[in-house]
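Asks: Have a look at the structure that comes next, please.
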Amino acid sequence: MDGSIARPRPLLALLVRLLAAFALATMGMLVKLAGERGAHLMELIFWRQALTVVLLGAGLALTGQLALLRTRRLGAQARRAASGLFGMVFTYGAVLLLPLAEATTLGFTAPVFAVLIGIVLFGEKVGPYRWGAVAMGFAGVLVVMQPFAGLHEGVTVAGIAVGLVAPFMVAVISYQLQDLNTTENPWSIVFWFAALTTPVAALALPFVIAAHDPLTWALILGMGLVGAAAQMLLTTSLRFGSAAVILLMDYTALLWASFYGYAIFDRAAPASLWLGAPLIIGAGLLIAWRERQLARSRVHSAE
Numbered sequence: 002m003d004g005s006i007a008r009p010r011p012l013l014a015l016l017v018r019l020l021a022a023f024a025l026a027t028m029g030m031l032v033k034l035a036g037e038r039g040a041h042l043m044e045l046i047f048w049r050q051a052l053t054v055v056l057l058g059a060g061l062a063l064t065g066q067l068a069l070l071r072t073r074r075l076g077a078q079a080r081r082a083a084s085g086l087f088g089m090v091f092t093y094g095a096v097l098l099l100p101l102a103e104a105t106t107l108g109f110t111a112p113v114f115a116v117l118i119g120i121v122l123f124g125e126k127v128g129p130y131r132w133g134a135v136a137m138g139f140a141g142v143l144v145v146m147q148p149f150a151g152l153h154e155g156v157t158v159a160g161i162a163v164g165l166v167a168p169f170m171v172a173v174i175s176y177q178l179q180d181l182n183t184t185e186n187p188w189s190i191v192f193w194f195a196a197l198t199t200p201v202a203a204l205a206l207p208f209v210i211a212a213h214d215p216l217t218w219a220l221i222l223g224m225g226l227v228g229a230a231a232q233m234l235l236t237t238s239l240r241f242g243s244a245a246v247i248l249l250m251d252y253t254a255l256l257w258a259s260f261y262g263y264a265i266f267d268r269a270a271p272a273s274l275w276l277g278a279p280l281i282i283g284a285g286l287l288i289a290w291r292e293r294q295l296a297r298s299r300v301h302s303a304e
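Sequential numbering from 2 applies to the sequence shown in this note's numbering.
Pasting the structure below:
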């Protein structure tokens with residue numbers, strides 16, 4: 002995978018992904034607040050994407066840089082848009098169905114799913130280290146969610162299922178973005194994702210749109226602004242670093258999600274989360290370490 006990185010700059014990639022994790026946690030908080038005030042999932046997705054199209058298009062037009070939106074791979078952009086829209090439904094759905102910290106923690110299984118995707122789609126050979134990481138990651142999910150000991154407050158089976166599909170799609174999309182970044186610039190990738198999915202999300206509006214008070218509209222606007230920034234940061238991070246490594250920065254979102262959960266939703270993270278999260282994070286770290294070891298072995302073999 003490292004060979005497909007457009008411009009390898011690992012430290013910059015980590016910093017950008019760190020900012021993306023903060024933006025995503027903030028967006029999740031705004032989504033949850035807006036949802037609690039009556040905004041529908043598909044309505045939130047529509048405004049999130051439509052605002053990105055308007056803001057990005059207007060910004061580039063005012064600076065005379067619309068040429069950055071050109072794409073040579075519209076088919077690949079469309080496939081990424083389809084995956085992205087599907088992923089957004091589950092990502093936003095997890096935030097609405099689960100407490101913020103739990104939804105965020107389930108999202109950390111993305112590196113585990115990346116290993117499984119590598120096996121199924123790319124025929125990668127996986128040894129005991131990465132299989133152990135996969136087992137560790139899902140053991141962490143069981144500890145956090147405690148499905149056999151009675152689900153704790155705010156957690157449902159449906160929420161867990163939705164919360165696990167979301168990181169699977171993050172892993173899929175990370176591979177797609179890393180491939181697109183080899184030929185397309187981040188502005189083009191983000192714009193076409195929003196432009197291709199906005200009309201699709203608009204089809205649901207007649208059935209879900211509702212009147213809102215000014216505060217709810219402010220939350221929706223804030224979600225759109227932060228979401229657009231997060232998308233740019235995510236895409237840019239994959240231009241400079243390997244998905245298997247930079248996904249580790251996403252773990253810092255748990256700190257922000259826990260803070261928002263306590264400060265805004267008056268819900269402290271349960272003890273099971275702090276017991277299970279290290280297992281999930283440890284699985285991701287083990288996967289990243291093993292990926293680096295294998296990459297170094299391939300370099301030495303080629304010399």
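We put the beta carbon where it would ideally sit given N, CA and C, even for glycine.
State the DSSP-derived secondary structure class of P271, mapped to helix, strand or coil.
Replies: P271: coil per DSSP, three-state reduction.
Asks: Return helix, strand or coil for M2, following the three-state DSSP convention.
Replies: Only weak support exists for where M2 lies, its pLDDT of 41 falling under 50; the value from the coordinates is given anyway. Note: M2 maps to coil in three-state DSSP.
Asks: When we look at the beta-carbon of R291 and count the other beta-carbons within 10 Å, is it buried (16 or more) or exposed?
Replies: Buried, by the Cβ-count rule.
Asks: Who are the Cβ neighbours of A205 in its own chain at under 6 Å, not counting the five residues just before and after it?
Replies: Taken in chain order, the residues that qualify are M43.
Asks: With DSSP as the reference, label Q177 as helix, strand or coil.
Replies: In this structure, Q177 counts as helix in the three-state DSSP scheme.
Asks: Using the C-alpha atoms, what's the distance from L222 back to A202?
Replies: Cα-Cα distance, rounded: 17 Å.
Asks: Do M170 and G228 have their beta-carbon atoms positioned less than 8 Å apart in this structure?
Replies: Going by C-beta atoms, G228 is not nearer than 8 Å to M170.
Asks: Short of 8 Å in beta carbon distance, which residues of its chain neighbour L220, apart from the five on each side in sequence? Order them along the chain.
Replies: Counting only Cβ-Cβ distances below 8 Å, and skipping sequence neighbours, we find L31, L34, A35, R38 and A40.
Asks: Can you tell me the Cβ-Cβ gap for S238 and A14, rounded? I've got them flagged as a contact below 8 Å.
Replies: 5 Å between Cβ atoms; contact.
Asks: Do F109 and Y261 have their CB atoms nearer than 8 Å?
Replies: Cβ atoms of F109 and Y261: not closer than 8 Å.
Asks: Hey, how far is the Cα of S273 from the Cα of V116?
Replies: Whole-angstrom Cα-Cα distance: 25 Å.
Asks: Suppose contacts are defined by Cβ-Cβ distances below 8 Å. Is A159 in contact with T92 by that definition?
Replies: In this structure, T92 does not lie closer than 8 Å to A159 by Cβ.
Asks: Q294 by DSSP, collapsed to three states: which one?
Replies: Helix.
Asks: Between which residues of its own chain and A178 is the CB-CB distance below 8 Å, once the five residues before and five after are set aside?
Replies: For clarity, residue 178 is Leu in the given sequence; the question names Ala instead. Taken in chain order, the residues that qualify are R81, I190, L235, T236, L239 and A244.
Asks: What is the rounded straight-line gap between the Cα of A305 and the Cα of A212?
Replies: An answer regarding residue 305 cannot be provided, because it is not within the stretch 2 to 304 covered by the chain.
Asks: Using the three-state DSSP reduction, which class does L25 fall into: helix, strand or coil?
Replies: Correct three-state label for L25: helix.
Asks: Is L226 closer than 8 Å to L52 when the C-beta atoms are compared?
Replies: For L52 and L226, yes; Cβs fall inside 8 Å.
Asks: Is the Cβ-Cβ distance between I281 and G138 less than 8 Å?
Replies: Yes, these two residues count as a Cβ contact at 8 Å.
Asks: Cβ of M137 less than 8 Å from any chain C Cβ?
Replies: You won't find chain C in this structure, because it holds only one protein chain.
Asks: Skipping 5 residues on each side, what residues in its chain have a beta carbon closer than 6 Å to that of S259?
Replies: Same-chain partners within the cutoff: A102 and A270.
Asks: Would G76 be called buried (16 or more neighbouring beta carbons within 10 Å of its own) or exposed?
Replies: Classification of G76: exposed, given that the 10 Å Cβ count is below 16.
Asks: Under DSSP, the alpha helix (DSSP H) around I190 begins and ends at which residues?
Replies: Where I190 is concerned, the enclosing alpha helix (DSSP H) stretches over P187 to A203.
Asks: Can you say whether L12 is buried or exposed, counting buried as having 16 or more other CB atoms within 10 angstroms of its CB?
Replies: It counts as exposed.
Asks: Thinking A231 and A21 are a contact (beta carbons under 8 Å), I'd like their distance in whole angstroms, please.
Replies: Indeed they touch by this definition, with Cβ atoms about 6 Å apart.
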